[in-house]
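A.B. asks: When you read off a place in the sequence shown, starting at 1, and then add 3, the result is the number in my numbering.
Ideal Cβ placement from N, Cα and C applies to all residues, glycine included.
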Amino acid sequence: MKIVVSATSFADVVSATSVADIIELRLDLFSVFPDERKLLGIEKPTIVTIRRVQEGGMYKGDERRRIEMLSRYSAYADYVDLECDLRDEDFKAMKCKVIESYHNFKETPNYEYLRDLIEGKRGDIFKIATMGRCKEDVLTITRVLCEYDDVVAFLMGENFAWTRIFACFLGSPFIYCSISKAVAPGQLDARKVRKIFSLLR
4 MKIVVSATSF ADVVSATSVA DIIELRLDLF SVFPDERKLL GIEKPTIVTI
54 RRVQEGGMYK GDERRRIEML SRYSAYADYV DLECDLRDED FKAMKCKVIE
104 SYHNFKETPN YEYLRDLIEG KRGDIFKIAT MGRCKEDVLT ITRVLCEYDD
154 VVAFLMGENF AWTRIFACFL GSPFIYCSIS KAVAPGQLDA RKVRKIFSLL
204 R
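#1: What residue ranges within the region 33 to 116 form continuous beta strand (DSSP E) runs of no fewer than 3 residues, ordered along the chain?
#2: Using the Cβ count rule (16 or more neighbours within 10 Å means buried), how would you classify Gln190?
#3: Between the region 68 to 83 and the region 115 to 125, can you find at least three pairs of beta-carbon atoms closer than 8 Å?
#4: In whole angstroms, what is the alpha-carbon distance linking Arg29 and Glu86?
#5: Consult DSSP for Thr145 and reduce its assignment to one of helix, strand or coil.
#6: List the whole-angstrom C-beta distance separating Ser104 from Asp84, where the pair is believed to meet the contact cut-off of C-beta under 8 Å.
#7: Taking the alpha helix (DSSP H) that Ser21 falls in, what are its first and last residues?
#8: Is it buried or exposed for Phe172, if we count other Cβ within 10 angstroms and need 16 for buried?
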């Protein structure tokens with residue numbers, strides 16, 4: 004299990020270096036898109052993300068330009084995050100490992116729906132982040148984690164923040180955390196997560 008810190012600026016990157024195993028660059032939340040070569044100066048492995056509005060991000064520009072930027076950044080990153088509705092060609096254009104992601108800010112689909120997404124994956128890791136509403140949603144995410152490897156799966160929302168911790172004990176390779184402010188509902192502070200895992204171990 005690795006702690007991924009979502010950074011919205013290079014100031015966040017500096018703050019995250021001491022606590023993160025991996026730093027996710029949420030470039031859609033940066034004030035400007037940085038020169039891709041700046042990634043070489045980051046001491047920890049990196050994930051590059053340019054999240055669209057419909058997935059909870061701030062990017063509103065041309066989709067082809069977004070994919071081209073992700074491809075360019077991927078030459079300097081360890082992972083790039085691509086949404087599961089993208090074309091096969093978009094995945095092939097990346098020059099590093101790919102996290103294929105599915106976000107749903109309204110609900111958690113049934114197990115069969117999520118199973119089909121995972122079994123059709125083209126990335127190296129599949130990430131599922133859905134809104135938690137009830138105990139049945141916890142059961143769905145638990146089943147996904149128990150039956151598949153290389154899957155990050157958790158429920159969003161303050162009442163289900165604990166599923167981010169819980170998922171790690173069921174094999175989730177990453178836990179996404181914040182360093183300055185949460186970038187998703189229920190995201191936990193990385194320093195607190197370090198303490199929690201220290202106590203639980």
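C.D. replies: Reading it off the structure:
#1: The beta strand (DSSP E) runs of length 3 or more contained entirely in the region 33 to 116 are, from start to end of the chain, 49 to 52, 82 to 86, 100 to 107.
#2: Counting of Cβ neighbours within 10 angstroms places Gln190 among the buried residues, the total reaching 16 or more.
#3: Output reads no: the region 68 to 83 does not touch the region 115 to 125.
#4: Using only the alpha carbons, I get a separation of about 14 Å.
#5: Reduced to three states, the DSSP call for Thr145 is helix.
#6: Indeed they touch by this definition, with Cβ atoms about 5 Å apart.
#7: No alpha helix (DSSP H) holds Ser21; DSSP gives it neither H nor E.
#8: Sixteen is the threshold: since fewer than 16 other Cβ atoms of the shown chains lie within 10 Å of the Cβ of Phe172, the residue is exposed.
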